[in-house]
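Novice: According to our numbering, the sequence shown is numbered sequentially starting from 14. In this text, a Cβ means the ideal position worked out from N, Cα and C, and glycines have one as well. This is the structure, below, for whatever I ask next.
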Amino acid sequence: MHTAARGLWAFSVCFVLVACSSGDAATPTATTPAPTPTAAADAAAPLTAGTEESGEPDGGQQRRVRQRRPGWLGTRVLPRRPDGFGEVRATPPRLRDRRLPTIDVLPAPSTARFGWSIAPVPDDVLARSTWSRHCPVRRVELRYATVTFHGFEGRPHTGELLVHRAVARDVVRVFHQLYRLRFPIEEMRVVRTDELDLPPTGDGNNTTAFVCRPSRGSTSWSEHAYGRAVDVNPFHNPYSKGGLVLPELASAYLDRDRDRPGMITPDGPVVGAFERIGWRWGGDWRSVSDWMHFSVSGR
């Protein structure tokens, strides 16, 4: 795959798997087992001690509906468009109100309390990530963060993110707030290098931050390549421009008037949590709609 096509495809995979100031929301002390936390020199602001139980569901977001993960999820390869993305297809009926259970990639929390950690990126995590020496951010500038999140089945899970050290604590504050409000997230894990070359299936839903890739249709780096952007529930909050929808099977979620669990709304908790740390939302863009995307710069 030549360089331009790879850049486009890398962008697509981020969506198929699926950007500062200190926030004012209190963040609890770290409780999730993880590598040794970073030194205080990394802090933009001190963290408030204490732990908190998760609060009540926000706007019915966490109404539980039992769903099984379809066996075909991630296996039905889509034909490629001339631009390198997969063909946009109608959303399968089972994904039109998507509430799939989380598959744990890290040990589940031992308590219902919010847990978090921030640490230098461990060697094994770096090795399975998309980082290389050609990326625009140095390894020392990245941090490995773990946070507790609620799955659509109502249980707490441990997620992982690679983020820039300058925004790590703010990102933790965001997910602390979402945990308190029981905002559901399906998946949260570090994107692997091999995933950038997988054929498109259009049904991924990974909440993620750092991915070393260019911006779509551009040779300049994405904010994700610096660890300064986060995508939340990309299937529930797709990217749309003209006839392109990413993930390619998420067209049912272009109807933003039909509020379903996992969706990001202008007056909802996700936008509010990111606004508190000074980040901007791709759902406010004019030329495209990128409802999953939040970034420091607004790009």
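Give me the Cα-Cα distance between V301 and P260, rounded to the nearest whole angstrom.
Specialist: The residue labelled residue 301 in the question sits at position 288 within the sequence shown. The residue labelled residue 260 in the question sits at position 247 within the sequence shown. Approximately 14 Å between the Cα atoms of the pair.
Novice: Considering only their Cβ atoms, is the gap separating T159 from T171 smaller than 8 Å?
Specialist: Here residue 171 refers to the residue found at position 158 of the sequence shown. Here residue 159 refers to the residue found at position 146 of the sequence shown. Going by C-beta atoms, T171 is nearer than 8 Å to T159.
Novice: If distances are taken between C-alpha atoms only, which option among V176, R168, F165 comes closest to V153?
Specialist: For the purposes of this step, residue 153 is identified with residue 140 of the sequence shown, where counting begins at 1. When only C-alpha atoms are compared, the closest one is V176.
Novice: Give a yes or no on whether the minimum CB-CB distance between D136 and chain B is below 8 Å.
Specialist: This model lacks chain B altogether; it includes just one protein chain.
Novice: Return the CA-CA distance between N219 and C225, expressed in angstroms with no decimal places.
Specialist: Against the sequence shown, residue 219 aligns to sequence position 206. Against the sequence shown, residue 225 aligns to sequence position 212. Distance between the alpha carbons of N219 and C225 is about 15 Å.
Novice: If I measure Cβ to Cβ from L108 and keep anything under 6 Å in the same chain, skipping five residues before and after, which residues do I get?
Specialist: As a working note, residue 108 is residue 95 in the sequence shown. So the list is empty, once near-sequence residues are dropped.
Novice: Check for me: the alpha helix (DSSP H) holding L259 runs from which residue to which?
Specialist: Sequence index remark: in the sequence shown, residue 259 carries index 246 (1-based). It is not in any alpha helix (DSSP H) - L259 instead sits in the beta strand (DSSP E) that spans 257-259.
Novice: Quick one: complete alpha helix (DSSP H) runs, 4+ long, within the segment 265-307?
Specialist: 282-289
Novice: Hey, G256 and G99: beta-carbon distance below 8 Å or not?
Specialist: Taking the first residue of the sequence shown as 1, we reach residue 256 at position 243. Taking the first residue of the sequence shown as 1, we reach residue 99 at position 86. Contact flag unset, no.
Novice: Could you check if L267 is buried or exposed, using at least 16 other CB atoms within 10 Å of its CB as the buried criterion?
Specialist: On the sequence shown, residue 267 is found 254 positions in, with the first residue counted as 1. Its Cβ having fewer than 16 others within 10 Å, L267 is exposed.
Novice: In this structure, how does DSSP classify E173 when only helix, strand and coil are distinguished?
Specialist: Residue 173 sits at position 160 when you count from the first residue of the sequence shown. In the displayed model, E173 falls within a strand according to three-state DSSP.
Novice: When the Cα of W304 is compared with those of S310, P274, V284, R289, which residue comes out closest?
Specialist: Translated into positions along the sequence shown, residue 304 becomes position 291. It is V284.
Novice: What number of angstroms, rounded off, separates the C-alpha of D244 from the C-alpha of W292?
Specialist: Looking up residue 244 in the sequence shown gives position 231. Looking up residue 292 in the sequence shown gives position 279. Taking the straight line from one Cα to the other gives about 12 Å.
Novice: Taking 8 Å as the cut-off, decide whether the C-beta atoms of F188 and F223 are in contact.
Specialist: The sequence position of residue 188 within the sequence shown is 175, counting from 1. The sequence position of residue 223 within the sequence shown is 210, counting from 1. Taking 8 Å as the Cβ cut-off, F188 and F223 do not qualify as a contacting pair.
Novice: Give me the Cα-Cα distance between H249 and R151, rounded to the nearest whole angstrom.
Specialist: If you number the sequence shown from 1, residue 249 lands on position 236. If you number the sequence shown from 1, residue 151 lands on position 138. Each residue's Cα considered, the two are about 32 Å apart.
Novice: Please list the terminal residues of the continuous beta strand (DSSP E) segment that includes H189.
Specialist: In the sequence shown, residue 189 corresponds to position 176, counting from 1. No beta strand (DSSP E) contains H189, which is instead part of the alpha helix (DSSP H) from 181-193.
Novice: Rounded to a whole number of angstroms, what is the C-alpha to C-alpha distance between R241 and E208?
Specialist: By one-based count along the sequence shown, residue 241 stands at place 228. By one-based count along the sequence shown, residue 208 stands at place 195. Going from the Cα of R241 to the Cα of E208 covers about 20 Å.
Novice: Should P106 be labelled buried (16 or more other beta-carbon atoms within 10 Å of its own) or exposed?
Specialist: As a working note, residue 106 is residue 93 in the sequence shown. With fewer than 16 other Cβ atoms within 10 Å, it is exposed.
Novice: Roughly how many whole angstroms lie between the Cα atoms of I116 and P247?
Specialist: On the sequence shown, position 103 is the one that residue 116 refers to. On the sequence shown, position 234 is the one that residue 247 refers to. Taking the straight line joining both Cα atoms gives about 17 Å.
Novice: Run through DSSP, which three-state label would E199 get?
Specialist: The sequence position of residue 199 within the sequence shown is 186, counting from 1. Coil.
Novice: Sort W294, T88, A103, D270 by Cα distance to V258 and report the nearest one.
Specialist: In the sequence shown, residue 258 corresponds to position 245, counting from 1. Comparing Cα-Cα distances from V258 to each of W294, T88, A103, D270, the minimum goes to A103.
Novice: Just list the residues that DSSP pairs W129 with in beta bridges.
Specialist: For the purposes of this step, residue 129 is taken as the residue at position 116 of the sequence shown. Looking at the DSSP assignment, W129 forms a beta bridge with V160.
Novice: From Q80 to P169, what does the alpha carbon distance come to, in whole angstroms?
Specialist: Start at 1 with the first residue of the sequence shown, and residue 80 comes out as number 67. Start at 1 with the first residue of the sequence shown, and residue 169 comes out as number 156. Note on geometry: alpha-carbon atoms of Q80 and P169 lie some 17 Å from one another.
Novice: Of the choices P213, R193, A286, E199, whose alpha-carbon is the least far from that of L91?
Specialist: Locating residue 91 in the sequence shown gives position 78, where the first residue counts as 1. Among P213, R193, A286, E199, the Cα nearest to that of L91 belongs to P213.
Novice: Candidates R141, W85, G164, T232: which alpha carbon is nearest A121's?
Specialist: Position 108 of the sequence shown holds residue 121. Here the closest residue by C-alpha is G164.
Novice: Can you give the Cα-Cα distance for M201 and P95, rounded to whole angstroms?
Specialist: Taking the sequence shown and counting its residues from 1, one reaches residue 201 at position 188. Taking the sequence shown and counting its residues from 1, one reaches residue 95 at position 82. If you take the alpha carbons of M201 and P95, they lie about 30 Å apart.
Novice: Could you tell me the boundaries of the beta strand (DSSP E) in which V243 lies?
Specialist: As a working mapping, residue 243 is identified with position 230 in the sequence shown. Its beta strand (DSSP E) spans residues 242-244.
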